[in-house]
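Numbering (this note's numbering), first residue to last: 183 to 384.
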Amino acid sequence: MTLVKLCGLMSRGDVEMAIDAGADMVGMVLSSGYRRSVPMDEAETMAGLAEGRATSVGVFVDEPIERLASIALGTGIGMVQLHGSESPEYITSVKAATRLPVVKSFCPGDPGIEGSPADLVLIDPGAGSGEAFDYSSVRGIRRDFILAGGLAPENVARAIAAAHPYAVDTSSGTEVDGIKDKERMGAFVRAVRSQDAEGVRI
């Protein structure tokens, strides 16, 4: 089964919609200065809502390790996602400091993908910008990966068939005018489950 991560959630209402839609992972941006950044107190509430229902994922960008660990442990998230220029040594330090699984984002073709000490890698050519690409180009990756980049209800089934990912990740693809949309969240998860049931591979 292809796991589904709905990311860029900004409120407890977003988390409830994502879980009701069937998300396996719910993501929130915990580094400050981004449009979807979530304050620590709200993130703690959101992670609490997800507990036992979905894995809460905190997204960080080139955050000092001490600050990242403080936020991760203080909010009670279940997984850390690194979306900057973090080194393998940094990843290892984060794992030691938080005792949480770590996801590291990479652009397609990055030579560091296979050897990264991260527990999972996320493939996204646009650093969270929603940029689509040739999804079949990552099919040769020899480890579990999360596929991201321009995924939406309209194309996620084709992307899964082309790339064979462990999980898929979307943020803007489930929004309408920059706001999370219940119908698009549901449509995205249904498209993934339908593709899994058909088992079609390109």
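Beta carbons are placed, not taken as given, at the ideal position from N, Cα and C, and that holds for glycine.
Between E271 and I247, the alpha-carbon positions lie close to 11 angstroms from each other. Put simply, the backbone Cα of P347 is about 7 angstroms away from that of T184. In the displayed model, G294 falls within coil according to three-state DSSP, outside both helix and strand. Within the DSSP secondary-structure output, T352 pairs in a beta bridge with L188. In this structure, A251 and T280 form a Cβ contact; the two beta carbons are roughly 5 angstroms apart against a cut-off of 8 angstroms. A residue is called buried when at least 16 other Cβ atoms come within 10 angstroms of its Cβ; I361 does not meet this threshold and is exposed. Looking only at T356, V276, A278 and V186, the smallest Cα-Cα distance to M367 is reached by T356.
M210 sits buried, since 16 or more C-beta atoms from the chains shown fall within 10 Å of its C-beta.
Comparing C-alpha distances from R218 to each of A344, S319 and G190 shows the shortest one belongs to G190. Exclusion of the five residues before and after V358 leaves R366 as the residues of its chain whose Cβ lies within less than 8 angstroms of its Cβ.
A Cβ-Cβ distance of about 16 angstroms is found for the pair D301 and L329, leaving them out of contact under the 8 angstroms criterion. Relative to the Cα of V276, the nearest Cα in the group V241, P293, G291 and F288 belongs to V241. Taken in chain order, the unbroken stretches of beta strand (DSSP E) that lie wholly in the segment 188-244 and span 3 residues or more are 207-211 and 237-242. A direct Cα-to-Cα measurement between G260 and E380 gives close to 31 angstroms.
Exposure of A278 is indicated by the presence of fewer than 16 other C-beta atoms within 10 angstroms of its C-beta. Annotation for F315: no alpha helix (DSSP H) segment contains it, and DSSP assigns it neither H nor E.
Residue state for I323 is assigned as coil, using DSSP reduced to three classes. For F288, the closest of G266, I273 and T274 by C-alpha to C-alpha distance is G266. The continuous beta strand (DSSP E) containing M261 extends over residues M261 to L264.
Here E248 carries a helix assignment [DSSP, helix/strand/coil].
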